[in-house]
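Line by line, the protein sequences are chains A, B and C. Taking our numbering, the leading residue of the first sequence gets 11, the next gets one more, and so forth. Taking our numbering, the leading residue of the second sequence gets 3, the next gets one more, and so forth. Taking our numbering, the leading residue of the third sequence gets 2, the next gets one more, and so forth. Cβ atoms here follow ideal geometry from the backbone N, Cα and C, with glycine treated the same way. Model, not experiment: these values are computed from the prediction. Worksheet: the structure to be examined is printed underneath.
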Amino acid sequence: MDRQKRIITIGGGIAGTEASSVLSGLGYNVIMLEKSNQIGGKLNNWNHLFPNGRPANEVTGFLGQKIRLQPFRIISNTSVSRVISANGIFAMETTAGEQLQADAVVISTGFETFDATRKEEYGYSIYENVITSVDLEEILRKGQTLITSKGEKPKRIAFIHCVGSRDEKSGHHHCSKVCCITGVKQAIEIAKQLPDTEIFCFYMDLRMFGLSYESLYREAQEKYNIQFIRGRLSEASENQDESLLIKAEDTLSGRPLKMNVDLTVLLVGMIPGKETLRMSELFGLERESNGFLNVMDPHLNKNLSSVKGVFLAGTCTGPMTVDETLEHARSAALDVHQYLQRTDK
Amino acid sequence: MKRQAKTRIWNDYQKLIPEDNFYYLRSCIRQNFFPGSEHAFLQIMKNNLHKNVFDDPNHTTCTGIAYHSDLLPFETLQTVAARQFALMTESGYKNAAVSCVTSFGIYSEVLETWKEFPEEEAKTRELLWNATGREFKVPENVSHCSDIIYHFKDRIAARQKYPLTNQHSRKPLKIVEHIGCHYAKMFPGKGIGGAEFSSVLSGMIESWGGEVVDYPERRHCCGFGFRQYLIMSNRGYSVSNSRKKFESMEAYRPDAIICNCPGCAMFLDKWQYVIGELEGKTYGPGHQGIPVLTYEELAGLVLGYDPWDLGLQMHQVDCETLLQKIGVQYDPAMKFRGLNGKNLGKPALPACFKVTETNVIPE
Amino acid sequence: MNTFGYKIMSPRTIDFDQFDGRLLNEVLVKEPSFRTCLSCGGCTATCNAGTLIDFNVRKLNLLLRRGEIASLSREIDKCMLCGKCMLVCPRGINIRNVIMLLKKGASRLSEHQKTAVENEVQK
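Okay, here's the thing in structure tokens:
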């Protein structure tokens with residue numbers, strides 16, 4: 011090569027960081043843009059990962075170490091404001107006003123969680139004792155015990171599956187894949203923390219797709235006595251003491267059901283992030299009907315976008331687990347490498 | 003309960019309500035069972051707010067009762083609605099003020115159908131022409147009368163004579179608000195505040211100094227509908243739904259219930275008597291029942307109208323407890339005296355409700 | 002008291018806050034594998050009795066979990082204890098043991114109830 015090839019990664023979550031590390035290790039000049047002030051994305055706010063309960067900061071720590079071994083330039087608090095592409099070169103202006111050029115671009119702008127306030131009938135941010143799985147993870151990460159708004163231990167908790175996913179009314183038809191196992195994981199964690207609390211999970215289907223997920227589900231039932239009720243929550247209302255009255259159908263017995271719980275946890279789904287949507291506009295990338303970025307071929311290549319030279323890594327293409335995200339990022343890096351080798355004449 | 007998110011939701015569902023020049027479309031049930039209400043609405047609009055409301059004697063029922071009881075096909079319904087619109091057009095009005103929530107649902111349904119299926123509108127125009135020789139323009143705005151009162155709530159508050167506070171304890175009155183199903187559940191975008199946390203009545207209550215009670219079965223239907231009560235043996239279903247609401251709100255000890263649908267007001271009022279007879283249970287303080295008012299009656303009370311002019315004596319559950327709490331000046335002797343002091347006769351008092359002293363009818 | 006030609010209906014909603022959990026707790030303690038039932042229906046599909054009479058093995062779990070002990074007592078008498086259900090259960094639950102525990106528990110509870118009723122009658 012007459013000059014070192016340049017790669018710009020947009021998004022400093024685990025996908026962007028891993029892809030950048032691998033490419034940097036292969037000898038490329040990599041610049042990573044991250045809109046917040048730290049890398050690692052959503053994993054920074056996570057406590058433990060399924061299936062084995064491993065602390066999330068071990069993963070971010072491992073990635074941080076890889077960067078120290080093979081450093082590359084990271085620009086924080088910055089994103090892309092304009093892009094012009096010509097002759098295989100991408101000329102970009104960052105939000106800080108810097109002009110950058112790249113021979114290949116990796117989009118790793120990730121996901122956002124569904125804003126549960128949009129499901130008014132569940133009462134998030136209206137009733138005191140309604141939280142999301144993200145809120146719960148934060149509570150656990152800080153080492154706090156889960157308590158109700160009155161400062162007491164909850165005697166009964168309900169986990170509500172499929173909040174903002176598989177739901178026409180929320181505008182998101184897709185299944186967010188990872189929420190069911192997150193619910194089971196969190197239910198077990200709460201059962202360990204509060205052994206006298208009754209825990210219920212209200213589901214439509216239980217998606218235990220991973221290898222050890224079914225055993226985790228079984229453990230939840232057998233060891234921790236967590237009860238799974240098949241039925242979708244229609245609404246939650248607040249009682250005078252701030253406990254919640256929830257209504258669902260016990261579909262397996264065919265009758266409506268109501269119960270009073272002290273707290274509900276809404277398992278919110280992954281939806282395309284705003285930056286992902288913005289990048290698709292700036293770069294002219296195709297999107298699926300659910301808003302995630304369209305991959306070139308769902309079997310043969312899930313890292314190529316609809317635009318030559320722009321590669322996709324991570325949850326900007328759809329809901330993924332942490333391990334799947336890292337694998338996806340590595341295969342994106344390999345694709346970038348092969349692309350740059352071919353175009354180098 | 004956190005206000006911020008509810009306020010946000012209410013801001014998401016806002017509706018354009020016109021300032022003036024309304025064509026009044028009356029309600030079958032309201033004008034028959036609560037005649038004081040419609041009269042009060044017209045008085046408030048004309049005398050207190052100085053607005054123009056046209057009360058056309060030529061307009062008819064919207065036939066919602068027949069439609070919802072499967073007695074009338076959809077084509078007829080559309081044509082009847084079209085005739086109402088034709089009368090509006092002929093008298094030069096573009097804004098409809100709809101008294102009944104079922105009518106509101108009917109007109110919304112018909113207009114939405116015509117938006118999605120323009121061929122239905124064309125067919126209706128033809129049917130109307132053939133039947134009556136009339137033509138119509140689609141109204142610019144269809145608002146329910148509770149929307150209109152909501153729009154003017156602050157102006158009413160400025161002219162308020164009695165705030166909704168308990169004059170003995172100085173605390174705001176606790177008021178349960180009940181929204182008719184066809185107001186927002188059919189088309190949530192057409193209801194102020196959406197369907198889950200409707201704000202049309204709670205906005206009025208709070209502007210006038212009261213406190214809204216939020217109880218678990220707030221959204222539950224009162225059981226009206228039409229099929230379920232037209233035949234006597236089906237009424238068990240209706241009364242059971244109302245009972246579910248009463249059981250849920252009891253613990254909050256509300257001082258009154260406000261409805262925007264005439265059917266709901268009628269049911270929540272009258273079923274308290276039925277439940278009292280069948281189960282021996284009455285709700286409300288001192289076993290006197292919880293007074294149920296329409297929003298026009300509440301607006302009238304707040305502005306200082308005489309309760310007997312508003313028609314409160316026609317209610318099943320006596321409203322004196324509420325009047326005493328608010329501190330409204332009224333003459334108990336005039337309760338069953340009509341215009342010019344005419345003796346209207348005495349109704350039999352229900353055995354299940356305890357009577358207040360002022361309730362005793364003078365000989 | 003007036004009657005009007007109609008009655009107030011009692012709700013058929015399962016009220017989770019009020020159910021009879023005595024039998025449930027007993028069975029789950031003695032046969033903990035029963036907690037892993039996911040109502041797949043494999044047992045009911047192969048059940049001999051269920052093909053001929055109105056007997057649903059899967060529903061036993063639900064009746065138990067909703068505290069409907071009266072219905073349960075009637076249902077479990079229909080089981081022939083053949084064991085075909087255990088051959089297909091994906092969670093490996095010892096269903097025959099569950100049935101036996103239910104039979105013993107239910108008859109004991111109804112004995113208590115019978116005595117209670119007799120005491121009332123005598124008063």
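| Asked | Found |
| --- | --- |
| Buried or exposed by the 16-neighbour rule on C-beta atoms within 10 Å, applied to F124 (chain A) | buried |
| Cβ contact (3+ pairs, closer than 8 Å) linking the stretch 337 to 345 of chain A and the stretch 15 to 34 of chain A | yes |
| Chain-ordered neighbours of T127 (chain A) on chain B, where CB pairs are closer than 9 Å | A7, R10 and I11 |
| Extent of the continuous alpha helix (DSSP H) to which T369 (chain A) belongs | Outside the modelled stretch of chain A, which goes from 11 to 355, sits residue 369 (chain A), for which no answer is possible. |
| Within chain C, partners of R265 (chain A) - CB distance below 8 Å | R13, T14 and I15 |
| For R23 (chain C) and L110 (chain C), believed in contact at Cβ under 8 Å, the rounded distance | 7 Å |
| Straight-line Cα distance separating W116 (chain B) from F24 (chain B) | 22 Å |
| Rounded straight-line distance, which links the Cα of E162 (chain A) to that of M188 (chain B) | 40 Å |
| L129 (chain B) to T81 (chain B) span [Cα, whole Å] | 7 Å |
| Residue(s) in a DSSP beta bridge with S145 (chain B) | B:A99 |
| Beta-carbon proximity list for G306 (chain B), same chain, < 7 Å, skipping 5 on both sides | K163 and Y164 |
| Pairwise C-alpha distance: V100 (chain B) and R221 (chain B) | 22 Å |
| Option nearest L341 (chain B) by Cα separation, candidates B:K176, B:G291, B:Q326 and B:G313 | B:G313 |
| Rounded separation between G35 (chain A) and P91 (chain C) - CA only | 48 Å |
| Distance between G211 (chain B) and A258 (chain B) (C-alpha atoms, nearest Å) | 14 Å |
| Beta-carbon neighbours of Y239 (chain B), restricted to chain C and to distances below 7 Å | M10 |
| Under 8 Å from the C-beta of E232 (chain A): neighbouring residues of chain C | P33, S34, R36 and T37 |
| Contacts of R67 (chain C) in chain A (Cβ-Cβ under 9 Å) | D260, S263, R265 and L267 |
| Span separating the alpha-carbon of G71 (chain A) from that of S30 (chain A) | 16 Å |
| Enclosing beta strand (DSSP E) for H180 (chain B) [first to last residue] | K176 to H180 |
| Alpha-carbon to alpha-carbon, G220 (chain A) and E114 (chain B) | 47 Å |
| Contacts of D18 (chain C) in chain A (Cβ-Cβ under 7 Å) | M269 and N270 |
| Residue nearest to C224 (chain B) in terms of C-alpha spacing, selected from B:S201, B:L232, B:F248 and B:S204 | B:F248 |
| Delimiting residues of the beta strand (DSSP E) encompassing Q80 (chain B) | Taken as a continuous stretch (DSSP letters only), Q80 (chain B) belongs to no beta strand (DSSP E), being part of the alpha helix (DSSP H) at F76 to E92. |
| Test: M316 (chain B) CB closer than 9 Å to a CB of chain C | no |
| For A114 (chain A) and V346 (chain A), the rounded distance between their alpha carbons | 7 Å |
| Residue interval of the beta strand (DSSP E) (run including M269 (chain A)) | R265 to V271 |
| Cutoff 9 Å: Q250 (chain A) Cβ touching any chain C Cβ | no |
| Residue closest to S263 (chain A), alpha-carbon to alpha-carbon, out of C:N57, C:V28, C:G106 and C:K105 | C:N57 |
| Under 9 Å by beta carbon: chain A residues contacting G196 (chain B) | E130 |
| Per-residue DSSP class, three states only, for A112 (chain A) | strand |
| At least three beta-carbon pairs within less than 8 Å, the stretch 171 to 188 of chain A to the stretch 221 to 236 of chain A | no |
| For V275 (chain A), the nearest candidate out of A:S143, A:Q237 and A:V194 (CA to CA) | A:S143 |
| Exposure label - P264 (chain B); buried when at least 16 CB within 10 Å | buried |
| CB contact below 9 Å: L388 (chain A) versus chain C | The requested residue 388 (chain A) is not part of the displayed model; chain A covers only 11 to 355. |
| Selection from A:L33, A:A258, A:T158 and A:F60 that minimises the alpha carbon distance to D333 (chain A) | A:F60 |
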